[in-house]
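Written below as C-alpha cells is the structure these notes are about.
There are 4 protein chains.
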Amino acid sequence: MTNEEHTCGLHLDPEIREDARRRLLSVKGHVEGITRMLEKEHVYCVDVLKQIKAVEGALSKVGDLVLRSHLRNHVVTAHERGDADAMVAELMEVLKYR
Amino acid sequence: MTNEEHTCGLHLDPEIREDARRRLLSVKGHVEGITRMLEKEHVYCVDVLKQIKAVEGALSKVGDLVLRSHLRNHVVTAHERGDADAMVAELMEVLKYR
Amino acid sequence: MTNEEHTCGLHLDPEIREDARRRLLSVKGHVEGITRMLEKEHVYCVDVLKQIKAVEGALSKVGDLVLRSHLRNHVVTAHERGDADAMVAELMEVLKYR
Amino acid sequence: MTNEEHTCGLHLDPEIREDARRRLLSVKGHVEGITRMLEKEHVYCVDVLKQIKAVEGALSKVGDLVLRSHLRNHVVTAHERGDADAMVAELMEVLKYR
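Here the protein sequences come in this chain order: G, U, C and Y. The numbering of the first sequence is the working numbering, which starts it at 1 and goes up by one. The numbering of the second sequence is the working numbering, which starts it at 99 and goes up by one. The numbering of the third sequence is the working numbering, which starts it at 197 and goes up by one. The numbering of the fourth sequence is the working numbering, which starts it at 295 and goes up by one.
Shown next as C-alpha cells:
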C-alpha cells in the first residue's frame with residue numbers, strides 16, 4: 001500500500017489544525033526575536049541557547065497536539081480500516097527522533 | 099556573582115552569530131511553510147509531524163553551533179577568569195532539557 | 197474505565213517479550229561493566245559518559261520493540277475494543293519524556 | 295594530541311565516582327526487576343515502557359553527575375592546561391545524542 005493510498009481520507013482534525021497553526025505563528029515570532037537578538041554585538045551565548053530551547057519546547061508541544069489527534073482519529077481505527085502495518089511503520093519512523 | 103557580572107564581556111563569536119542568524123532565517127521560512135500547510139483542509143497529520151521534526155533538527159543544529167562556540171570561548175577559560183562555578187551551573191541548566 | 201479493566205487481556209507478545217528480556221540481560225551486563233569501571237581510581241569522566249550513553253541507546257531499542265508491539269497489537273484495535281481514549285492517554289503519557 | 299595524552303591525569307572525582315557507582319548498582323537492580331517482569335506471561339506493554347523510562351531517567355541522572363564533575367574539574371581549566379580543542383570536541387561528541 002503506498003503512502004498516498006493509505007493517507008487518502010486521513011486528515012488532521014480542523015480544530016487541532018487551527019490550534020497548531022496559531023501556535024506556529026507564535027513560534028515564528030519567537031524565532032524572529034532570536035534573529036534580532038543575534039544582530040546585537042553583545043549577545044551572550046547562553047541567552048541564545050535558552051531562547052532556542054524555549055522554541056524547541058513550543059514546537060514539541062505542537063507536535064504533541066498533532067500526534068495525539070493522529071492517534072485518536074487514525075491510529076486506533078487502523079485495524080478496522082485495514083492499514084495497520086503502514087500506520088505503525090510510519091508512526092515508529094516519526095517517533096524515532098523524538 | 100550575578101549573571102550580569104559574570105557574562106559581562108562574554109559575547110557570542112561574530113562569525114557564529116552571523117551563521118546562527120542565517121540559519122534561523124531559514125528556520126523561520128520553514129515554520130511559515132508548515133503554517134501554510136496547516137491552512138489546507140486535507141493535510142495529513144504525519145506530514146505535519148515530519149516537518150516539525152525537521153525544524154527541530156535545524157534548531158538543534160543552531161544550538162550546537164552556539165554551544166560549541168560558548169565552550170570554546172568561555173567555558174574552557176572559566177577557571178582563569180574566576181567564574182567557573184557560575185559557568186558550570188548555567189551550562190548544566192541549559193543542557194538539562196536537551 | 198480503570199487501568200486494570202482496559203489492560204485486562206492486553207499482553208506483550210511472547211516473542212517480543214523474550215527478545216526484550218534477552219536484551220535487558222545484556223543491558224544489565226553492560227551496567228555491571230560500568231560499575232567495575234567506576235571502581236578504578238583513574239577512570240576518565242568522558243569514558244563513563246560514553247558507556248552510559250551506550251546503555252541508554254540499548255534501552256531505548258528495547259523500548260522501541262515494546263512500543264511497536266503495543267501499537268501493532270493493542271493500539272490499532274483500540275476503537276474496535278472500545279478503550280481508545282484510555283489507550284491514547286496512556287500512550288501520550290509514556291511518550292512524553294522520550 | 296591523542297586521547298590518551300590529553301586524558302592522562304584527568305580522573306573522575308572520587309566522591310562522584312562512588313556516588314555514580316552506587317546509583318548504577320540500583321539501576322542494575324531495576325533492570326533485573328524488568329527482566330523478571332518480562333518472564334510473566336501477562337505483562338502489559340505500557341508497564342514495561344514505564345519501567346524502561348524510569349531506568350533511563352536514573353541513568354541520565356548518573357550522566358549529569360559525571361558531566362557536571364567533568365565540566366567543573368577538567369573543562370573549565372582546559373585553556374590553562376592547553377587541551378581546550380580536544381576537550382571541546384570530545385564534549386560535543388558526547389552531548390550529541392543526549
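For every residue, glycine included, the Cβ atom is placed at its ideal position computed from N, Cα and C.
In the three-state reduction of the DSSP assignment, His238(C) falls in the coil class, being assigned neither a helical nor a strand state. In this chain, the alpha helix (DSSP H) harbouring Gly127(U) covers 112 to 135. Sequence-distant partners of Asp111(U) (beyond 5 residues in either direction) whose C-beta falls short of 7 angstroms from its own C-beta, in its chain, are Ser167, Asn171. Neighbours of Gly259(C) in chain Y, taken as residues whose beta carbon is under 7 angstroms from its own, are Leu343, Ile346 in chain order. Boundaries of the alpha helix (DSSP H) around Val88(G): 84 to 95. Not a single CB atom of chain C sits nearer than 9 angstroms to the CB of Arg375(Y).
In this structure, DSSP gives Leu108(U) a state outside helix and strand, which the three-state scheme calls coil. Across the structure, Met92(G) and Asp260(C) are spaced so that their CA atoms are roughly 8 angstroms apart. The segment 273 to 291 of chain C makes no contact with the segment 222 to 231 of chain C, as fewer than three CB pairs between them are under 8 angstroms.
Listed by position along chain U, the residues whose Cβ is nearer than 9 angstroms to that of Met331(Y) form an empty set, because the closest Cβ is around 29 angstroms away. In chain order, His324 place their CB closer than 8 angstroms to the CB of Ala348(Y), counting only its own chain and leaving out the 5 sequence neighbours on each side. In chain G, no part has a C-beta under 9 angstroms from the C-beta of Ala282(C); the shortest such distance is about 10 angstroms.
As the crow flies, the alpha-carbon of Val244(C) is around 25 angstroms from that of Arg217(C). With fewer than 16 neighbouring CB atoms inside 10 Å of its own CB, Lys236(C) falls in the exposed class. Taking a beta-carbon distance threshold of 9 angstroms, Val174(U) does not count as an interface residue toward chain G.
The beta-carbon distance between Leu136(U) and Arg17(G), rounded to whole angstroms, is 5 angstroms. This is short enough to meet the 8 angstroms contact definition.
For Arg121(U) and Ser26(G), the gap between their C-alpha atoms comes out near 18 angstroms. Note that the C-beta distance between Tyr44(G) and Leu108(U) is below 9 angstroms. For the segment 207 to 231 of chain C, the residues whose beta carbon sits under 7 angstroms from a beta carbon of chain Y are, in order, His207, Leu208, Arg213, Ala216, Arg217, Leu220, Leu221, Val223, Lys224, Val227, Glu228, Ile230, Thr231. For Val262(C), the closest C-alpha among the options Gln345(Y), Val356(Y), Gly351(Y), Leu365(Y) is that of Gln345(Y). Out of Ala282(C), Leu267(C), Met283(C), Asp281(C), the CA that lies nearest to the CA of Leu95(G) is found in Leu267(C). The residue from Glu252(C), Met283(C), Cys204(C) with its alpha-carbon nearest to that of Lys355(Y) is Glu252(C). At a cut-off of 9 angstroms between beta-carbon atoms, Lys96(G) makes contact with chain C. Val370(Y) sits in coil when the DSSP states are folded into three classes, being neither helix nor strand. Straight through space, the alpha carbons of Asp379(Y) and Asp183(U) are spaced by roughly 21 angstroms.
If you draw a straight line from the Cα of Val370(Y) to the Cα of His336(Y), it is about 51 angstroms long.
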